[in-house]
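**Q**
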Amino acid sequence: MQLPASAKEIDTRTTGLRATRPAAASHARLWKLVGLILTLIVAYLLPLGLSNYQAFEFTQVFIYAIALLGLNILIGFNGQFSLGHGAFYALGAYTTAIMTTRWDIPYGWTIIVAGVLCLIAGFLFGLPALRFEGLYLALATFALALSTPQILKYFDNWTGGSQGIVLDKPSVPLGLPINADQYLYYLTLTVLLLLFLLAWNLLRGRVGRAMMAIRDNPIAAEAMGVNNALYKSLTFGVSAMYTGIAGSLGALAVAFVAPDTFNAFLSINFLVGSVVGGIASIIGALFGAAFIEFVPIYAQEISRAAPWAIFGVVLILFMYVMPTGVAGLLHRVLERLTRRPSKESSADNVVATSPAPADPGASSPARAASGKHE
Amino acid sequence: MVPLLEARNLEAYYGWSKVLHGLDLTVEKGKVTVVLGANGAGKTTLLRAISGLIRTTGEIRFDGVRIDGKAPEDIVRLGIAHVPEGRGTFPNLTVLENLRLGAYTRKDKQEVRRDLDRIYTYFPVLKQKSNSPAGLLSGGEQQMLAIARGLMLRPRLLMLDEPSLGLAPVVVADLFRIVRAINEDDGVTVLLVEQDAVGALEVSQYAYLLETGHIVSSGPADELRQNDSIRKSYLGY
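If you read the sequences in order, they're chains A and B. Each residue of the first sequence is one higher than the last, beginning at 6 in the working numbering. Each residue of the second sequence is one higher than the last, beginning at 5 in the working numbering.
Quick look at the structure:
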């Protein structure tokens, strides 16, 4: 394992320079670890105190979080835009719907197949996308989003056309003492954790550095020996894989797929969640997912007439208060908390608490901001 | 006279427009060679052509092997480090991450770690700031980082694109001293591209003069420094 070693290196290197710095750094790490463990305990106990509908809402948050993480990897860490990830979400969803209903294949396998299919589809889409930069790529992917419902309707002997496909809800295995909604909650939570771990592992090392190098300065990245074309296509594939797995889980959770639920609005909603959560952040995907799941629901409660106007106002407020997303704000709060004992100048503090290279999960404001411009 | 890099009749294009017109150029092993020229002369293009970043015709040989037409990543693997114009660091990555990217193509982790320590002795400030984003460094520090990152490849040829650009004269003098030390102590061959003729001619042994894509003059650096027309147009005295 490469990362812990490098993190240690940094600590020992800085020891001689400023006595307070390693203490602050290990403090921050401790805080993060405690926070993570507490969150996990809460996450696994939570469904016991929730209604079935609430459990479903959280399941949906986890599903969106996986989709958003895919988008974050693409936009935040690699600097490529997508306004069309709803298409990959749809591909994943229909893969599971068709495989489970037509061929009676156990749903667990279909999740994997959905991931692999989207990985390939994303990679193939990434190849021509290499010719587009920034806004042009955004438009090209938006075209994908616009055409998705029509394409689904066109292949109606596979997709069931406008009627969609009704799935069976996965039954609880092994006679576990939980109901179907709780089971879905645990299933998606577990997949989420696995995929977050995979992303963290991928982004913190050599691959992640190469991806971010392309985002920051493509020519220099190439001059370092990074194969830009391959990396950009692969990143597109991995990103699509995440979103496709989310789509597969989404089909299982809702137990129904229909073309018009995979419209362009879904893709835009993903982008909203991605930016609100913190675009160059792993953990930000969770906050963004909660935003796009709950804010429309509460907006509906506030005003039945114009829920999207409320949603818009809340969105603007979020962007105003947290220009680097929820993850960016959290990161700064954590900095503040762990830095208080030291009396360094503010310039030094920036240095002392800047994210360790080993920690792509912590989105620095600079990183989050850069993602938005590219 | 052992040539490490040779370009013969090198032409390079951006789209349809030709920027280099049949260049002949030799970089001797173990020496510092400088290419002087004004803005738009084609200096950056020359380095990009060698790195395989743009379309070229003609012949480029590195250590006797043809490298023209090869992919940039393959050329890097041969040991040619390119420190791009305007520093080209990755602003949102930390200093350490930037340096590790320099060793992106290397598999010998132990040696990479050793080289990192060695490079920190050339650039102590980078060690102090190893954990801060490169974007927060000063201009001089960023240039040092860019050069250090190039060295992390353990290159046989280090190509520097206008390291003096936008830096205070004191910092430039410092940089050139380090470049010389790298060349003398580690035996790294250097191809330097510069507008700052005074400083560049001092660190280098051989010089080329590039004007609008043509080499108009070349010779040992000492001789060029004595040359009247060069003194007038480039050295300003």
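Ideal placement from N, C-alpha and C gives every residue a C-beta, glycine not left out. Source: prediction; values computed, not measured.
(1) Which residues in the same chain have their Cβ closer than 6 Å to the Cβ of residue 93 of chain B, if we skip the five residues on either side of it in sequence?
(2) Could you list the residues in the stretch 241-274 of chain A with a C-beta less than 7 Å from some C-beta on chain B, going in chain order?
(3) Run down chain A in chain order and give the residues with a C-beta less than 7 Å from the C-beta of residue 104 of chain B.
(4) Going along the stretch 217-244 of chain A in order, which residues come within less than 7 Å of chain B, judged by CB to CB distance?
(5) Applying a beta-carbon distance threshold of less than 9 Å, which residues of chain A neighbour residue 48 of chain B?
(6) Per DSSP, which one or two residues make a beta bridge with residue 163 of chain B?
(7) Ordered along the chain, which non-local residues of its own chain (more than five positions away) have a Cβ less than 7 Å from that of residue 88 of chain B?
(8) Let's test the definition: count the other Cβ atoms within 10 Å of the Cβ of residue 263 of chain A and tell me whether it reaches 16, buried, or not, exposed.
(9) Can you tell me where the alpha helix (DSSP H) with residue 312 of chain A in it begins and where it stops?
(10) Would a check of beta-carbon distances place residue 126 of chain B closer than 8 Å to chain A?
(11) In the DSSP assignment, what are the bridge partners of residue 221 of chain B?
(12) Can you find a CB in chain A that lies within less than 8 Å of the CB of residue 80 of chain B?
(13) By Cβ distance below 6 Å, which residues in the same chain neighbour residue 58 of chain B in space, the five residues on each side in sequence not counted?
(14) Using a Cβ cut-off of 7 Å, pull out every chain A residue sitting near residue 249 of chain B, in sequence order please.
(15) Return the residue from the list A:124, A:70, A:223 that minimises the CA-CA distance to residue 244 of chain A.
(16) Taking residue 133 of chain A as the reference, which of A:122, A:191, A:145 has the closest Cα?
(17) Counting only runs of 4+ residues fully inside the stretch 124-181 of chain A, write out the alpha helix (DSSP H) ranges in chain order.
(18) On the DSSP bridge list, what partners appear for residue 27 of chain B?
(19) Establish whether the CB of residue 159 of chain B and some CB of chain A are separated by less than 8 Å.
(20) According to DSSP, is residue 88 of chain A helix, strand or coil?
(21) Determine the direct distance from the alpha carbon of residue 186 of chain A to that of residue 227 of chain A, and round the result to whole angstroms.
(22) Using a Cβ-Cβ cut-off of 7 Å (strictly less than) and excluding sequence neighbours within five positions of residue 12 of chain B, which residues of its own chain qualify?
(23) Rank A:158, A:317, A:204, A:142 by C-alpha distance to the C-alpha of residue 71 of chain A and give the top, closest one.
(24) Answer with buried or exposed for residue 2 of chain A, where buried requires no fewer than 16 other C-beta atoms within 10 angstroms of its C-beta.
(25) When the Cα of residue 214 of chain B is compared with those of B:47, B:90, B:68, which residue comes out closest?
(26) In whole angstroms, what separates the C-alpha of residue 324 of chain A from that of residue 334 of chain A?
(27) Can you give the beta carbon distance from residue 90 of chain A to residue 253 of chain A, rounded, assuming they're within the 8 Å contact cut?
(28) Where does residue 167 of chain A land, buried or exposed, given buried means 16+ other C-beta within 10 angstroms?
(29) Output the residue ranges of the alpha helix (DSSP H) runs that lie fully inside the stretch 47-126 of chain A and measure 4 residues or longer, sorted by chain position.
(30) Pull up the CB-CB distance for residue 86 of chain B and residue 55 of chain B, whole angstroms please, since I reckon it's below 8 Å.
(31) Give the DSSP bridge partners of residue 22 of chain B, in chain order.
(32) Under 8 Å between C-beta atoms, does residue 25 of chain B make it to chain A?
(33) Taking all protein chains shown into account, do 16 or more other C-beta atoms lie within 10 angstroms of the C-beta of residue 220 of chain A, making it buried, or fewer, making it exposed?
(34) Just to make sure I have the definition right: I need the residues of chain E whose C-beta is within less than 7 Å of the C-beta of residue 109 of chain B. Which are they?
(35) Looking only at its own chain, which residues have a Cβ that is under 7 Å from the Cβ of residue 96 of chain B, when we skip the five neighbours before and after it?
(36) Assess, as a yes-or-no matter, whether the stretch 58-77 of chain A is touched by the stretch 192-203 of chain A under the definition of 3 or more beta carbon pairs within less than 8 Å.
**A** According to the data block:
(1) 102, 138, 146, 149, 150
(2) none
(3) 214
(4) Within the stretch 217-244 of chain A, the residues whose Cβ lies closer than 7 Å to some Cβ of chain B are 217, 218, 221, 222, 224, 225, 227, 228, 229, 230, 231, 232, listed in chain order.
(5) Residues of chain A with a Cβ closer than 9 Å to the Cβ of residue 48 of chain B do not exist; the shortest Cβ-Cβ separation is about 10 Å.
(6) Answer by DSSP bridge pairing, in chain order: B:86, B:195.
(7) 165
(8) buried
(9) 312-326
(10) no
(11) B:213
(12) Chain A contact via Cβ: present.
(13) Cβ within range, chain order: 16, 52.
(14) For residue 249 of chain B there is no data in the structure shown, the boundaries of chain B being 5 and 241.
(15) A:124
(16) Nearest option by C-alpha distance: A:145.
(17) 139-159, 161-164
(18) B:14
(19) no
(20) In the structure shown, residue 88 of chain A sits in coil (DSSP, three-state: anything other than H, G, I, E or B).
(21) 48 Å
(22) 28, 62, 63
(23) A:204
(24) This structure cannot speak to residue 2 of chain A, because chain A is shown only from 6 to 379.
(25) B:47
(26) 11 Å
(27) Not really, about 14 Å apart at Cβ, beyond 8 Å.
(28) By the 10 Å Cβ count, residue 167 of chain A comes out exposed.
(29) With a minimum length of 4 residues, the continuous alpha helix (DSSP H) runs that stay inside the stretch 47-126 of chain A are 57-80, 90-107.
(30) 5 Å
(31) B:17
(32) no
(33) buried
(34) Absent from the structure is chain E; the protein chains it does hold are A and B.
(35) Around residue 96 of chain B: 137, 139.
(36) yes
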